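Counting from 1, position 53 in the sequence shown corresponds to residue 365 in this note's numbering; the numbering is continuous, with no gaps. The C-beta atom is built at its ideal place from N, Cα and C for all residues, glycine as well. Predicted model, so just to flag it, every value in this text is computed and none were measured.
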Amino acid sequence: MKAISLARNYIRLETSLYREAAEKSPRVAKRRFPTGRQRIWLRRTARLSKWLDESGVEVPAKIMSPYALGVLDRCRARIPLKYQYRALNGLRELARTHVLFPELLSDGEPVEIIDLSAGGCGTADVLGQYGHKVEICDYFDANKINPMGHSYAELHKFLGLNCRFFDGRSLPYEFADESRDIVLVYQAIDAYGPVAMWYDIVDELLRIARRSVGLVLNPAIPKTPENEAQVVAFIGDMKRDYGATVSTCPETSLPALRIDK
Ligand SMILES: C[S@@+](CC[C@H](N)C(=O)[O-])C[C@H]1O[C@@H](n2cnc3c(N)ncnc32)[C@H](O)[C@@H]1O
313 MKAISLARNY
323 IRLETSLYRE
333 AAEKSPRVAK
343 RRFPTGRQRI
353 WLRRTARLSK
363 WLDESGVEVP
373 AKIMSPYALG
383 VLDRCRARIP
393 LKYQYRALNG
403 LRELARTHVL
413 FPELLSDGEP
423 VEIIDLSAGG
433 CGTADVLGQY
443 GHKVEICDYF
453 DANKINPMGH
463 SYAELHKFLG
473 LNCRFFDGRS
483 LPYEFADESR
493 DIVLVYQAID
503 AYGPVAMWYD
513 IVDELLRIAR
523 RSVGLVLNPA
533 IPKTPENEAQ
543 VVAFIGDMKR
553 DYGATVSTCP
563 ETSLPALRID
573 K
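Structure (structure tokens):
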């Protein structure tokens with residue numbers, strides 16, 4: 313079935329689940345999932361599925377079904393609304409993979425991937441469907457003092473994933489040399505340190521990778537001309553010094569870099 317048809321069914325289903333939850337708990341609905349905010353993410357889901365159809369990428373039907381987790385439970389678990397939509401989490405990573413590592417979506421050998429700041433875990437959900445082994449890590453409050461630090465824990469449980477604690481701020485990382493085929497850091501390197509530190513971080517990621525490193529960069533924060541210029545210079549340096557290929561994430565329009573060893 314085409315992705316857009318799967319997405320239409322998915323959106324219908326999620327919409328009815330959120331409508332039922334809003335009837336049960338209008339106050340939670342108003343605060344945590346107002347209709348306008350739901351529409352933003354569902355529209356993005358439809359747009360991505362259309363893009364994948366146009367790009368000739370087949371979408372695994374399995375990721376186009378909601379997490380078997382009640383809407384009010386999703387809110388109670390403090391999963392950000394954006395990450396409550398399994399199809400959006402999966403399609404975002406599928407589109408990024410098509411752009412950065414298209415070979416992972418063909419019938420090649422399974423590879424070992426580590427996603428160091430996995431967030432909603434779309435990479436593991438999607439790439440697992442292609443037989444790849446995906447390890448997930450993230451920064452969370454291991455002492456459970458800050459409940460936001462566990463905001464993806466219910467998704468890990470649902471997907472049967474074991475998330476390993478990782479703090480990108482403290483170099484060197486604990487992983488052995490060339491111990492994973494591909495190392496991913498999507499929209500998180502800015503949380504590991506300032507741009508000046510990204511060069512050492514990339515060297516560290518390349519030490520761990522046997523084949524490649526994948527990065528998706530967040531916008532510079534705060535959005536000053538100096539910060540933006542630093543990010544542009546970083547991308548230029550990665551191209552010149554490491555032969556990085558630079559593309560654009562189809563969902564977020566953020567810069568996406570692939571660095572091969
Ligand atoms: C914008 S989210 C991106 C999540 C996911 N990779 C994606 O692209 O959707 C940023 C991620 O960085 C993680 N993070 C924040 N501080 C971190 C740190 N010090 N070390 C590792 N990860 C961190 C967050 O927990 C979150 O998963």
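Reduced DSSP secondary structure (H/G/I, E/B, other) of C449 = strand
What residue range is occupied by the uninterrupted alpha helix (DSSP H) comprising T409?
-> 398 to 412
For Y451, the nearest candidate out of G526, D479, S463 (CA to CA) | It is D479.
Measure the CB-CB distance between K394 and L400 and report whether it falls below 9 Å.
-> yes
At which residues does the alpha helix (DSSP H) containing Y498 begin and terminate?
-> Residue range 492 to 498 is occupied by the beta strand (DSSP E) that includes Y498, with no alpha helix (DSSP H) assigned at that position.
Any heavy atom of ligand 1 within less than 5 Å of residue CB: hits in chain order = Those satisfying the condition are, in chain order, S429, G431, D450, Y451, D479, G480, R481, Y498, Q499, A500, A503.
Run through DSSP, which three-state label would T564 get?
-> coil
With 16 other CB atoms within 10 Å as the buried threshold, where does M477 fall?
-> With the sequence shown as reference, residue 477 is identified as Phe, and Met is not the correct amino acid for it. Burial call: exposed.
For the alpha helix (DSSP H) that C387 lies in, which residues bound it at each end?
-> 383 to 388
Minimum C-alpha distance to A373 - residue among L496, L381, Q441, Q499 | Q441
Same chain, Cβ closer than 7 Å to K362, five either side skipped, listed in chain order | Cβ neighbours of K362 beyond the five flanking positions: I316.
Exposed or buried, what is L483 when buried is set at 16 or more other beta-carbons lying within 10 Å of its beta-carbon?
-> exposed
Nearest neighbour of L471, chosen from G431, A508, S565, E421 [CA to CA] = G431
Supposed contact pair V438 and L467 - C-beta distance, whole angstroms, cut 8 Å | The pair is not a contact, with the Cβ atoms about 13 Å apart (cut-off 8 Å).
Contact set for E490: own chain, Cβ-Cβ below 6 Å, skip 5 residues either direction = R522
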